[in-house]
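In short: position in the sequence shown from 1, add 700, done, that's our numbering.
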Amino acid sequence: MRKIINNNRGLTLIEIVVATALFSMVSYAAVVTFQGVMKSQRSTVISQNVQESMRYALEIMGKEMRMAQKRISGDCVLSNNNRIYDTNDASGVGDSLSFINSRKACVTYSLVGGRIRINRFGEPSSYYITPNDIVINDLSFRVVDEGANTVPPSVQPRVTITLEASMAGGAGVPAENVRLETTISARSYQ
701 MRKIINNNRG LTLIEIVVAT ALFSMVSYAA VVTFQGVMKS QRSTVISQNV QESMRYALEI
761 MGKEMRMAQK RISGDCVLSN NNRIYDTNDA SGVGDSLSFI NSRKACVTYS LVGGRIRINR
821 FGEPSSYYIT PNDIVINDLS FRVVDEGANT VPPSVQPRVT ITLEASMAGG AGVPAENVRL
881 ETTISARSYQ
């Protein structure tokens with residue numbers, strides 16, 4: 701004879717709904733956490749790339765600016781003064797800086813189209829020192845230089861460079877503005 705086992709220990713509809721809801725909430729929390737971590741990681745990488753590019757640009761400019769030479773009147777002139785460093789504004793603050801480098805070439809750093817451009821007069825072309833994917837939002841040169849009018853000079857000629865940049869991005873790329881500032885003094889004591 702066959703023995704029929706009558707087992708009524710199945711799951712009710714409410715138990716299934718509760719279990720599904722709990723599983724859905726845990727899964728949703730895991731996905732949201734993962735998305736937050738990915739967004740934070742992307743933001744960190746973007747910030748690091750912007751900072752690295754800005755430090756590179758500051759290093760390039762700084763090395764050449766430290767070795768700036770005293771100008772001979774008429775050479776490399778943006779304004780009519782006798783400073784080692786010269787901006788495109790008579791107040792000494794501008795977004796373009798010119799000076800004579802250690803090889804006696806006139807050098808100009810300027811902000812063009814969201815990138816920093818270097819132009820060495822006498823060379824066939826100018827070039828950019830910042831990459832395409834980094835946008836320079838602000839470039840400022842603040843010059844402290846008495847020029848050749850004071851002998852001996854009471855102030856060491858120096859330039860404070862202020863840079864603000866962000867990653868040029870499209871959809872899904874967060875805007876990470878980074879601001880750096882450094883001061884560079886001339887080694888020319890003449």
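Just so it is clear, CB atoms sit at the ideal spot from N, CA and C, and this is done for glycine as well. All of these numbers come straight from a predicted model, not from anything done at the bench.
- Comparing C-alpha distances from residue 837 to each of 814, 858, 771 shows the shortest one belongs to 814.
- Excluding sequence positions up to five before and after residue 834, its CB lies within less than 7 angstroms of the CB of 750, 753, 865, 867, 868, all in the same chain and listed in chain order.
- Residues of the same chain with a CB within less than 6 angstroms of the CB of residue 845, apart from the 5 flanking positions on each side, are 783, 784, 785, 857 in chain order.
- Residue 842 and residue 762 do not touch by the CB rule: their CB atoms are close to 15 angstroms apart, not below 8 angstroms.
- As far as DSSP is concerned, residue 877 takes part in no beta bridge.
- Under the three-state reduction of DSSP output, residue 855 falls in the coil class, being neither helix nor strand.
- Taking the C-beta atoms as reference points, residue 788 is found nearer than 8 angstroms to residue 795.
- Judged by DSSP secondary structure, residue 747 falls within the alpha helix (DSSP H) whose first and last residues are 713-766.
- The C-alpha of residue 820 is placed about 15 angstroms away from the C-alpha of residue 771.
- Counting only the Cα atoms, residue 725 lies some 59 angstroms from residue 808.
- In this structure, residue 757 places its C-beta atom within 8 angstroms of the C-beta atom of residue 830.
- A check of alpha carbon separations from residue 799 across 840, 764, 883, 747 identifies 764 as the nearest.
- Annotated three-state conformation of residue 821 is coil, per DSSP.
- Residue 828 places its beta carbon less than 8 angstroms from that of residue 816.
- Shown here, residue 830 sits in coil according to DSSP, grouped into three states, outside any helix or strand.
- The three-state secondary structure of residue 815, taken from DSSP, is strand.
- Here residue 886 is buried: its Cβ has 16 or more other Cβ atoms, across all protein chains shown, within 10 Å.
- For residue 794, the beta-bridge partners assigned by DSSP are 841.
- Short of 8 angstroms from the beta carbon of residue 855, and not among the five residues preceding or following it, lie these beta carbons of its own chain, in chain order: 844, 845, 846.
- Here residue 876 really is in contact with residue 746; their C-beta atoms are around 5 angstroms apart, less than 8 angstroms.
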